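Under full-length UniProt numbering, the residue at position 119 of the sequence shown is numbered 119, and the numbers go up by one with no gaps.
By construction, the Cβ of each residue, glycine as well, lies at the ideal position given by its N, Cα and C atoms.
Remember, predicted model here, so these are calculated numbers, not experimental data.
One structure is given below, encoded as structure tokens.
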Amino acid sequence: MADAEGALELLGAVAYGELAAFDRLAADARLAPELTDRVQMTEMAAAQFTHFGLVRDRISELGADVLEQMQPYHRPFDEFHQLTQPKTWHEGLLKAYISDGMAADFYREVSELVDDRTREVVHEVLAEQAYADFAVDRVRAAIEADPDIAGRLALWGRRLVGEALSQAQRVATERPALTELLTAQTQEEPLVLISRLTSQLVSNHTARMRRLGLSS
Numbered sequence: 001m002a003d004a005e006g007a008l009e010l011l012g013a014v015a016y017g018e019l020a021a022f023d024r025l026a027a028d029a030r031l032a033p034e035l036t037d038r039v040q041m042t043e044m045a046a047a048q049f050t051h052f053g054l055v056r057d058r059i060s061e062l063g064a065d066v067l068e069q070m071q072p073y074h075r076p077f078d079e080f081h082q083l084t085q086p087k088t089w090h091e092g093l094l095k096a097y098i099s100d101g102m103a104a105d106f107y108r109e110v111s112e113l114v115d116d117r118t119r120e121v122v123h124e125v126l127a128e129q130a131y132a133d134f135a136v137d138r139v140r141a142a143i144e145a146d147p148d149i150a151g152r153l154a155l156w157g158r159r160l161v162g163e164a165l166s167q168a169q170r171v172a173t174e175r176p177a178l179t180e181l182l183t184a185q186t187q188e189e190p191l192v193l194i195s196r197l198t199s200q201l202v203s204n205h206t207a208r209m210r211r212l213g214l215s216s
């Protein structure tokens, strides 16, 4: 597979992820209990759309169309969101914190194997930590105010990681280009590679849950 093809596969996934994050944050902002939270989340949603623009521009530089590159990721991403619709604002915060974090871990891994400019764009998009810090602050404050919600949020976190890994494995099966990019560099068998990456994603997820004061 040509280097440009691998870069475009990665950029297509990142682009749709940023677009979906924009939609989700804009919707979640309306559930915010305080006006200040709503304003902050709306600003973060706007930042996600700016990130989408950066990725779209890089896709154009490589001679491709962003809609075409995003299309393969439309259904699995949307199915994940349909299967994990939060019932409360704090569940929404936790969902974004976990799912965005897991996706970023994977994209960073793949970005090390593409051209310098694509890697630079991906790292710039993923460098934003404002939402993660915001989510951690609000969830920890909620648990401190009402310790009884910790158990429910921990269960929700386990469900989220299970669904995320399921959809990731589906993408790897249906759209193997990213997996091929990785295996071409590491010389690992696809199943071995997927197992290793899954273990790393779960380990990072455990660390994120620990930061929230929740069990994984």
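In terms of alpha-carbon separation, which member of the options lies closest to residue i?
{"i": "residue 196", "options": "73, 210, 106", "result": "106"}
{"i": "residue 111", "options": "209, 211, 14, 212", "result": "14"}
{"i": "residue 198", "options": "212, 179, 211", "result": "179"}
{"i": "residue 140", "options": "166, 211, 46", "result": "211"}
{"i": "residue 215", "options": "151, 172, 187, 33", "result": "151"}
{"i": "residue 177", "options": "33, 69, 39", "result": "69"}
{"i": "residue 90", "options": "171, 182, 33, 58", "result": "33"}
{"i": "residue 76", "options": "138, 201, 86, 173", "result": "173"}
{"i": "residue 175", "options": "74, 31, 109", "result": "74"}
{"i": "residue 138", "options": "3, 38, 4, 12", "result": "38"}
{"i": "residue 117", "options": "71, 46, 60, 30", "result": "60"}
If I follow the unbroken alpha helix (DSSP H) through residue i, where does it start and stop?
{"i": "residue 4", "result": "3–29"}
{"i": "residue 280", "result": "Outside the displayed range of the chain (1 to 216) lies residue 280, so it cannot be described from this structure."}
{"i": "residue 61", "result": "35–61"}
Should residue i be counted as a contact of the ligand GTP given a C-beta to heavy atom distance under 6 Å?
{"i": "residue 129", "result": "Annotation note on the ligand GTP: not contained in the displayed structure, which lists no ligands."}
Look at residue i and residue j and say whether their C-beta atoms are less than 7 Å apart.
{"i": "residue 164", "j": "residue 209", "result": "no"}
{"i": "residue 19", "j": "residue 62", "result": "no"}
{"i": "residue 92", "j": "residue 28", "result": "yes"}
{"i": "residue 44", "j": "residue 131", "result": "yes"}
{"i": "residue 145", "j": "residue 126", "result": "no"}
{"i": "residue 136", "j": "residue 205", "result": "no"}
{"i": "residue 88", "j": "residue 95", "result": "no"}
Give the C-beta separation of residue i and residue j to the nearest angstrom, bearing in mind that I take them to be a contact with Cβ-Cβ under 8 Å.
{"i": "residue 42", "j": "residue 26", "result": "7 Å"}
{"i": "residue 67", "j": "residue 121", "result": "Actually they are not in contact, since the Cβ atoms of residue 67 and residue 121 sit about 18 Å apart, beyond 8 Å."}
{"i": "residue 17", "j": "residue 114", "result": "Rounded, the Cβ-Cβ distance is 16 Å, inconsistent with contact."}
{"i": "residue 194", "j": "residue 169", "result": "7 Å"}
{"i": "residue 48", "j": "residue 134", "result": "The Cβ separation is near 13 Å, so there is no contact."}
{"i": "residue 100", "j": "residue 21", "result": "6 Å"}
Q: Return the chain-ordered ranges of every alpha helix (DSSP H) run that is complete within the region 75–111 and spans a minimum of 4 residues.
A: Counting whole runs of 4 or more residues, the region 75–111 contains the alpha helix (DSSP H) stretches 89–111.
**Q.** Any alpha helix (DSSP H) of 4 or more consecutive residues that is wholly inside the region 111–183
**A.** DSSP runs (the alpha helix (DSSP H)) wholly in the region 111–183: 116–126, 130–145, 149–174.
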